[in-house]
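Asker: Heads up: the sequence shown begins at 0 in numbering that gives the first Met the number 0, then just goes up one per residue.
Quick one: the structure is below, and I'll ask about it shortly.
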Amino acid sequence: MYTHVVLFRVKDPKDASTVAEVLRSMEGQIPELQGLEVGLNDISSQRNYDVVLITRFLSKEEMQRYQVSAYHQEQVLQRIRPLIAMSAAGDFPSA
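Right, here's the structure in full:
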């Protein structure tokens, strides 16, 4: 398995649930996606992000295909980019 984690900080806190909803829409739309978890941060801290995305794939190559898939590019990134102030990501092999 391969895990891809992205943390999002939104420009306006009221948009966090919209970003989460758009991210959840990937379930069933991207064949490479083996697992999807989206959470809204519930602890207020300057160092925390607002939305957390955890995705799982069978391999690093499948994660890379997901990143360039039409759904990810057109239905997810184009919709959330205007709402995001910053993001951070991490990728690693997992059990």
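Backbone N, C-alpha and C fix where the C-beta goes; we use that ideal spot for every residue, glycine too.
Along the chain, where does the beta strand (DSSP E) that runs through Y70 open and close?
Answerer: No beta strand (DSSP E) holds Y70; DSSP gives it neither H nor E.
Asker: Here's the rule: buried if 16 or more other CB atoms are within 10 angstroms of the residue's CB, otherwise exposed. What is E26?
Answerer: That one is exposed.
Asker: Following the continuous alpha helix (DSSP H) through R23, name the residue where it begins and the one where it ends.
Answerer: 15-23
Asker: CB E31 to CB R64, shorter than 8 Å?
Answerer: When the beta-carbon positions are compared, E31 and R64 come within less than 8 Å of each other.
Asker: Would you decide whether D11 is buried or exposed? Buried here means 16 or more other CB atoms lie within 10 Å of its CB.
Answerer: exposed
Asker: Going by CA-CA distance only, name the one from L57, A94, R46, S24 that's closest to E36.
Answerer: S24
Asker: Taking the alpha-carbon positions, what's the Q28 to A88 distance?
Answerer: Cα to Cα, Q28 sits roughly 21 Å from A88.
Asker: F7 and S68 - do their beta-carbons sit closer together than 8 Å?
Answerer: no
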